[in-house]
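Okay, so here's the structure we're looking at.
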Amino acid sequence: MARKPSPNRFFWGAGTSAHQVEGGNDRNDWWDWEQLPGKIRDGDRSGAACLHWDRYEEDLDLLRSLGLDAYRFSIEWSRIEPEPGRYDEGAIEHYRRVLIACRTRGIAPMVTLHHFTNPRWFSALGGWEVARNLPHFARFARLAGERYGDLVDVWVTINEPEVLAFHAYDEGAWPPGVKDRARALGVIANLLEAHALASVALRETDRVDADGDGKPALIGVAKHWVLLEPLHPWWPFEHVSAAIQHGVFNVAVARALRGEPIHLAIPGIRPVRRQVDALRGSSDFIGVNYYTRWMVSLFGKEPRQARPGAPVSDLGWEAYPEGLERALMECAAFGLPLIVTENGIADASDRIRPGFIRESLAAVDRARARGADVRGYFHWSLFDNFEWNDGYHGRFGLFAIDFAKADRPRSPRQSARVYADEVARRR
């Protein structure tokens, strides 16, 4: 079993999410979305993905081979509850076996309850846009606490609520494909309220301290923290635009997570204001997902773009690892402990990733030296996976996967050893 950690242990880990790696997740809205022409780059479909559902023990051994002691992964709601109120005991027991496999290897699991996918039935009811649907998610969280609380001490209720809302309800790039910014703001508010309800459910059901640190349940949200800067510093309106986007995308969500009223405001759109009492005390930490910075431009076709001339990832995102320090310091200002729940780069060639890892971890070191209460770092991702509407184009993995072969062979990239060495140096 895992060694007894000291209070405020520092987690060194890597992450995945169910739909991106398990394969065969055919009960959720993303599976249906993938069948529609033109929705996924190159017509890719998740399909068998990485076969992680069947090969999780091998994959946990790979994680442990790097000297890591924590694994962030999600449990697929649509597998566990394929119909409202009907539970699949086989799926429930599968995830319990995964958790036991983690613990027997000395790996602390960080379990995410919602990582972008919804059960088909939940979407049919209106999904996150309908407030009366939120108790369904709280019920799922309650079941997770009841069935897994003896093995899990760290929970992420929802991954990137603001990203889900804007991609799915503003840009229309994700299911259900809505393009209405006002509706997107309402979805963010509902997701934050759902987090609060799930937190209550977890605290009521997870009362077992699985790893002996005196804390049976640490609960948070994984928040995508994006840096926004004006592309043309001389143009005041770009400063204003960057500030507005920072305010709604970053600040408003962080304020809600520390218990303040929800207040989401964009010029020209009716603001969303909501008092959710259950948000107070709902978060023990904020998970920081950091990848890049975006230059805000009011000229041309791209309102957010990489800095001209900067190195970019395979997805066109600027490689800006030093920005993680700023992201952590900005987030630390809200007074909650932090865990870097995602940080990585899409780089199939692995030319950029080794340096990206070194510079990212140096940024974490600097933030901690400046007083940021950072308690863990999870690299995204453990291995290549299905990258949502980019299909299999974005390769984030420490381990490469050959998706052309039916058995999905894994092979370590140089960056895997770099990460292992950097972690060992900091222990």
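Counting in my numbering, the sequence shown runs from 2 upward without gaps.
Yeah, the Cβ is synthetic: ideal placement off N, Cα and C, and Gly gets one too.
Beta-carbon proximity of residue i to residue j, cut-off 8 Å
| i | j | result |
| --- | --- | --- |
| A125 | L61 | no |
| A334 | I287 | no |
| V419 | V341 | no |
| N386 | A50 | yes |
| D154 | D212 | yes |
| V297 | Q246 | yes |
| N29 | P120 | yes |
| D374 | L325 | no |
| D70 | R80 | no |
| R56 | I108 | no |
| P322 | A349 | no |
| H115 | W175 | no |
| A425 | G68 | yes |
| F379 | R73 | yes |
| D207 | G146 | yes |
| R148 | R87 | no |
| L63 | L100 | no |
Residue i classed as buried or exposed, judged by whether at least 16 other C-beta atoms fall within 10 angstroms
| i | result |
| --- | --- |
| P410 | exposed |
| S242 | buried |
| N191 | buried |
| W389 | buried |
| M2 | Residue confidence for M2 is low, a pLDDT of 34 falling below 50, so the modelled location carries little weight and cannot support an answer. |
| A253 | buried |
| S412 | exposed |
| G372 | exposed |
| F300 | exposed |
| A347 | buried |
| Y291 | buried |
| A368 | buried |
| R427 | exposed |
| W235 | exposed |
Which listed residue (the options) has its alpha carbon closest to that of residue i
| i | options | result |
| --- | --- | --- |
| N26 | R65, I76, A71, L67 | I76 |
| L232 | L67, G213, L69, G310 | G310 |
| F397 | R10, I270, G16 | G16 |
| L280 | P262, Y292, M296 | P262 |
| L144 | P177, A174, E94, P312 | E94 |
| L228 | V22, L152, V179, N251 | N251 |
| A328 | A185, F300, W295, V313 | W295 |
| E423 | D366, W175, I402 | D366 |
| F141 | G127, L152, I159 | I159 |
| L258 | W236, R305, C332, F238 | C332 |
| G248 | W236, P268, W235 | P268 |
| A370 | P234, M330, G282, S18 | M330 |
| L337 | G395, G260, Y291 | G260 |
| M111 | P83, A401, I270, S18 | S18 |
| A401 | G14, N9, V22, E82 | V22 |
| S283 | R204, T113, L383, P237 | R204 |
| R414 | A244, R305, F384 | F384 |
Spatial neighbours of residue i in its chain, beta-carbon cut-off 8 Å, leaving aside the 5 residues before and after
| i | result |
| --- | --- |
| A139 | A195, L198, A199, V201, A202 |
| L219 | D154, V155, W156, D285, F286 |
| A307 | T293, W295, M296, V313, G317, W318, E319 |
| S7 | Confidence at S7 is low in this model, with a pLDDT of 42, below 50, so its placement is unreliable and no value can be given for it. |
| F238 | L299 |
| S47 | H20, Q21, G24, N26, W31, W32, E35, F387 |
Contacts around residue i, its chain only, beta-carbon distance under 6 Å, and the 5 residues preceding and following it disregarded
| i | result |
| --- | --- |
| W31 | H20, T118 |
| A266 | P272 |
| G24 | A49, A50, L52, W54 |
| V277 | E194, A197 |
Own chain, CB closer than 7 Å to residue i, minus 5 neighbours either side, in chain order
| i | result |
| --- | --- |
| S416 | D351, R354, P355, I358, L399 |
| D408 | none |
| W381 | G16, E343, N344, G345, F397 |
| K216 | D154, D210 |
| A185 | A166, F167, Y170, D171 |
| V188 | W129, E130, A166, Y170 |
| R4 | Low confidence applies to R4: its pLDDT is 36, below 50, so where it sits in the model is not reliable, and the reading given next is rough at best. If we look at R4 and ignore the five residues flanking it on each side, its Cβ neighbours are G107. |
| D391 | R42, L316 |
| R274 | P262, I263, H264 |
| Y393 | D45, F387, F404 |
| F11 | R376, G377 |
| H240 | P231 |
| P85 | W122, H137 |
| E58 | A102 |
| I92 | The question names Ile, but residue 92 in the sequence shown is Ala. Cβ neighbours of A92 beyond the five flanking positions: R80, I81. |
| R182 | D171, I267, I270 |
| V179 | A169, Y170, G173 |
Residue i CB to nearest heavy atom of the ligand PLP below 7 Å
| i | result |
| --- | --- |
| R354 | Ligands in the displayed structure: none, and consequently the ligand PLP is not present. |
- [ ] Assess, as a yes-or-no matter, whether the segment 31–40 is touched by the segment 342–361 under the definition of 3 or more beta carbon pairs within less than 8 Å.
- [x] The segment 342–361 vs the segment 31–40: no contact.
TODO: Would you check if there are 3 or more beta carbon pairs closer than 8 Å linking the segment 156–168 to the segment 215–233?
DONE: A contact exists between the segment 156–168 and the segment 215–233.
Open item on the list: If contact is defined by three or more beta carbon pairs under 8 Å, each pair taking one atom from either stretch, is the segment 127–136 in contact with the segment 40–60?
Closed with: Counting Cβ pairs under 8 Å, fewer than three are found: no touch.
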